[in-house]
Amino acid sequence: MAVTRLKRKEAKNRSRTTKRVQDIKRLKMVVNIASPYKGISGIVLEDQ
83 MAVTRLKRKE
93 AKNRSRTTKR
103 VQDIKRLKMV
113 VNIASPYKGI
123 SGIVLEDQ
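Each residue of the sequence shown is one higher than the last, beginning at 83 in our numbering.
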């Protein structure tokens with residue numbers, strides 16, 4: 083019976099670590115948004 087419990091624990095740990103790694107990768111991902119005014123002046127202008 084202890085073997086079954088260890089296998090269950092191993093499966094749970096494996097699924098938790100894969101989820102954790104996926105979350106870390108998702109949170110570290112940086113999305114660069116292009117400036118809408120980049121072609122006009124090279125600087126982001128407020129209300130123009």
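Ideal placement from N, C-alpha and C gives every residue a C-beta, glycine not left out.
Treat the numbers as computed from the prediction; the structure is a model and nothing was measured.
Worksheet item: When the Cα atoms are used, what is the spatial distance from Arg108 to Glu92?
Response: On the sequence shown, position 26 is the one that residue 108 refers to. On the sequence shown, position 10 is the one that residue 92 refers to. Distance from the CA of Arg108 to the CA of Glu92, rounded to the nearest whole angstrom, comes to 24 Å.
Worksheet item: Going by beta carbon distance, what residues of the same chain come within less than 8 Å of Val112, once the five residues before and after it are set aside?
Response: As a first step, residue 112 must be located in the sequence shown, where it is residue number 30. Apart from sequence neighbours up to five positions away, no residue of its chain approaches Val112 with a beta-carbon distance below 8 Å.
Worksheet entry | Own chain, CB closer than 7 Å to Arg98, minus 5 neighbours either side, in chain order | Here residue 98 corresponds to residue number 16 of the sequence shown, with the count starting at 1. Contacts found: none.
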